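Undergrad:
Numbering (this note's numbering), first residue to last: 230 to 578.
(1) So, under 8 angstroms CB-CB, residue 534 and residue 555 are touching, yes? Tell me the CB distance rounded to an integer number of Å.
(2) Grab the span of the alpha helix (DSSP H) containing residue 237 for me, first residue to last.
(3) Take residue 572 and list the residues in its own chain whose beta-carbon comes closer than 6 angstroms to its own, dropping the five residues that flank it on each side.
(4) If you drop the 5 nearest sequence neighbours on each side, which residues of the same chain put their C-beta closer than 6 angstroms to that of residue 552?
(5) Could you tell me the alpha carbon to alpha carbon distance between residue 310 and residue 316, rounded to whole angstroms?
(6) Quick test of your reading: residue 516 and residue 496, contact by CB under 8 angstroms. State the CB separation rounded to the nearest angstrom.
(7) What span of residues does the beta strand (DSSP E) with residue 321 cover, start to end?
(8) State the start and end residues of the unbroken alpha helix (DSSP H) segment that holds residue 547.
(9) What number of angstroms, rounded off, separates the C-alpha of residue 432 from the C-alpha of residue 472?
(10) Could you pull the DSSP bridge partners for residue 462 from this structure?
(11) Residue 371 and residue 401: beta carbons closer than 9 angstroms?
(12) Using the Cβ count rule (16 or more neighbours within 10 Å means buried), how would you classify residue 278?
(13) State the Cα-Cα distance for the pair residue 230 and residue 302, rounded to the nearest angstrom.
(14) Determine the closest residue to residue 540 out of 505, 453, 398 and 366, with distance taken between C-alpha atoms.
(15) Helix, strand or coil: how does DSSP classify residue 517 here?
(16) Name the two residues that bound the continuous beta strand (DSSP E) containing residue 499.
(17) Name, in chain order, the residues that DSSP records as bridge partners for residue 294.
(18) What does a CB cutoff of less than 7 angstroms around residue 399 pick up in its chain, not counting 5 residues either side in sequence?
(19) When the Cβ atoms of the segment 288 to 298 are set against those of the segment 339 to 355, are three or more pairs found closer than 8 angstroms?
(20) In this structure, does DSSP put residue 250 in helix, strand or coil?
(21) Identify, in the order they occur along the chain, each residue of the same chain with its Cβ nearer than 7 angstroms to the Cβ of residue 449, setting aside the five sequence neighbours on each side.
(22) Under a three-way DSSP split, which group does residue 421 fall into?
(23) Out of 363, 478 and 236, which has the shortest C-alpha to C-alpha gap to residue 314?
(24) What does the Cβ neighbour count give for residue 396, buried or exposed, with the cut at 16 atoms within 10 Å?
(25) If I follow the unbroken alpha helix (DSSP H) through residue 404, where does it start and stop?
(26) Is DSSP giving residue 449 helix, strand or coil here?
(27) Count the other CB atoms within 10 Å of the CB of residue 262; is the residue buried (16 or more) or exposed (fewer)?
(28) So, under 8 angstroms CB-CB, residue 469 and residue 525 are touching, yes? Tell me the CB distance rounded to an integer number of Å.
(29) Terminal residues of the continuous beta strand (DSSP E) containing residue 473?
Set out below in structure tokens:
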């Protein structure tokens, strides 16, 4: 069992508690705004993933109680708890956690609230990258007070955070390198060669911006220039059924979003009351909202072109002979990029 108190979390120097917890060796930061920038149901959230077996196998509790899921696939977004109200985090791993159910196979994370807080505490944090992007700030406020001759206690917390994100992978030098892992043709079992090579300029061997013919064999390796003229397709080296290094194919790392821009707000209150020395009750209410607006990634397609296509160059039609069609791989980068909007609201009483 790993126990992190508030002092431990603050010493880690992270601008949110979820990022601090992800620093634990047993955690895998697999679902964060940095790691899931596409269009998934977890977009913009931070879901804890113990041992890397999936966030739906890590049970997240608040004060020992289950919390309403923050996505359709389950799991709790750690951003729902205002940081100023957190007194610590307990992480339970191993077989003991399975007693909580199938969603706790990897482990259990229990967030402890500072339900004895008296007075007001708060923090303001901000950061920016060395590339002058992904500007972010977080404001967290919390307060508490006693009432009814100290028999009752109430705490209130509020968080607000924004990050501008990083629009494109190509905004980084390493992103423009189009580095990727590719099978090593020299590898054989037991020969000491690595099975994969991590190299720059990895491209598709079956797609191009204008379209490349992949079948039938007699036309394979012919691509179309922007004006539709058939020209040879240059293959690179280290070629596999779908990848190669260099050549005319489209890069494997396209203009995807690197870090999602996120706006989030969370509020939580908890009231406890001692009705008698043996009877205690509580009322807890919370609300959280996460907003993300992303550009979509342009797609790829395998297109079948029939020989009676009115726009088909005559040289291709002649080369087809009696063959009815050919298959062409094309990257649809000339299509307009769509917008993905994800607005998640979570509340619980």
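Built from N, CA and C at the ideal position, the CB exists for glycine as well.
On a predicted model such as this, the values are computed, not experimentally measured, just so you know.
TA: Inspection of the coordinates gives the following:
(1) In the chain shown, residue 534 corresponds to position 305, counting from 1. In the chain shown, residue 555 corresponds to position 326, counting from 1. Their Cβ separation, rounded to whole angstroms, is 6 angstroms, which keeps residue 534 and residue 555 in contact under 8 angstroms.
(2) The residue labelled residue 237 in the question sits at position 8 within the chain shown. It spans 235 to 240 - the alpha helix (DSSP H) in which residue 237 sits, taken as one unbroken run.
(3) Within the chain shown, the letter at position 343 stands for residue 572. Contacts found: 520.
(4) Taking the first residue of the chain shown as 1, we reach residue 552 at position 323. Within the same chain, residue 552 has close Cβ partners 445.
(5) Here residue 310 corresponds to residue number 81 of the chain shown, with the count starting at 1. Here residue 316 corresponds to residue number 87 of the chain shown, with the count starting at 1. Each residue's alpha carbon lies about 11 angstroms from the other.
(6) In the chain shown, counting from the first residue as 1, residue 516 sits at position 287. In the chain shown, counting from the first residue as 1, residue 496 sits at position 267. The Cβ separation is near 5 angstroms, so the contact holds.
(7) Locating residue 321 in the chain shown gives position 92, counting from the first residue. Segment 315 to 322, the beta strand (DSSP E) holding residue 321.
(8) On the chain shown, position 318 is the one that residue 547 refers to. Residue 547 -> alpha helix (DSSP H) spans 543 to 549.
(9) By one-based count along the chain shown, residue 432 stands at place 203. By one-based count along the chain shown, residue 472 stands at place 243. If you take the alpha carbons of residue 432 and residue 472, they lie about 6 angstroms apart.
(10) As a working note, residue 462 is residue 233 in the chain shown. BP columns for residue 462 are empty, so no partner.
(11) Counting from 1 along the chain shown, the entry for residue 371 is found at position 142. Counting from 1 along the chain shown, the entry for residue 401 is found at position 172. No. Outside cutoff.
(12) Here residue 278 refers to the residue found at position 49 of the chain shown. Counting Cβ neighbours within 10 Å, residue 278 comes out buried, since at least 16 surround it.
(13) Translated into positions along the chain shown, residue 230 becomes position 1. Translated into positions along the chain shown, residue 302 becomes position 73. About 27 angstroms.
(14) Position 311 of the chain shown, counted from the start, is the residue given in the question as residue 540. Out of 505, 453, 398 and 366, 453 has the C-alpha closest to the C-alpha of residue 540.
(15) In the chain shown, counting from the first residue as 1, residue 517 sits at position 288. Strand at residue 517.
(16) Position 270 of the chain shown holds residue 499. Note, residue 499: beta strand (DSSP E), 491 to 503.
(17) Here residue 294 corresponds to residue number 65 of the chain shown, with the count starting at 1. DSSP output for residue 294 lists 291 as bridge partner(s).
(18) Taking the first residue of the chain shown as 1, we reach residue 399 at position 170. The residues are 405 and 484.
(19) yes
(20) Locating residue 250 in the chain shown gives position 21, where the first residue counts as 1. Three-state DSSP puts residue 250 in a helix.
(21) Here residue 449 refers to the residue found at position 220 of the chain shown. Cβ neighbours of residue 449 beyond the five flanking positions: 442 and 443.
(22) Taking the first residue of the chain shown as 1, we reach residue 421 at position 192. Note: residue 421 maps to coil in three-state DSSP.
(23) Translated into positions along the chain shown, residue 314 becomes position 85. Nearest of 363, 478 and 236 to residue 314, Cα basis: 236.
(24) Residue 396 sits at position 167 when you count from the first residue of the chain shown. Buried, because 16 or more other Cβ atoms sit within 10 Å of the Cβ of residue 396.
(25) For the purposes of this step, residue 404 is taken as the residue at position 175 of the chain shown. First-last of the alpha helix (DSSP H) with residue 404: 402 to 405.
(26) Here residue 449 is taken as the residue at index 220 of the chain shown, counted from 1. Residue 449: coil per DSSP, three-state reduction.
(27) Position 33 of the chain shown, counting from 1, holds the residue named residue 262. Residue 262 comes out buried.
(28) Sequence index remark: in the chain shown, residue 469 carries index 240 (1-based). Sequence index remark: in the chain shown, residue 525 carries index 296 (1-based). So it is not a contact: roughly 27 angstroms between Cβ atoms.
(29) For this step, residue 473 is matched to residue 244 along the chain shown. Here the beta strand (DSSP E) through residue 473 covers 472 to 476.
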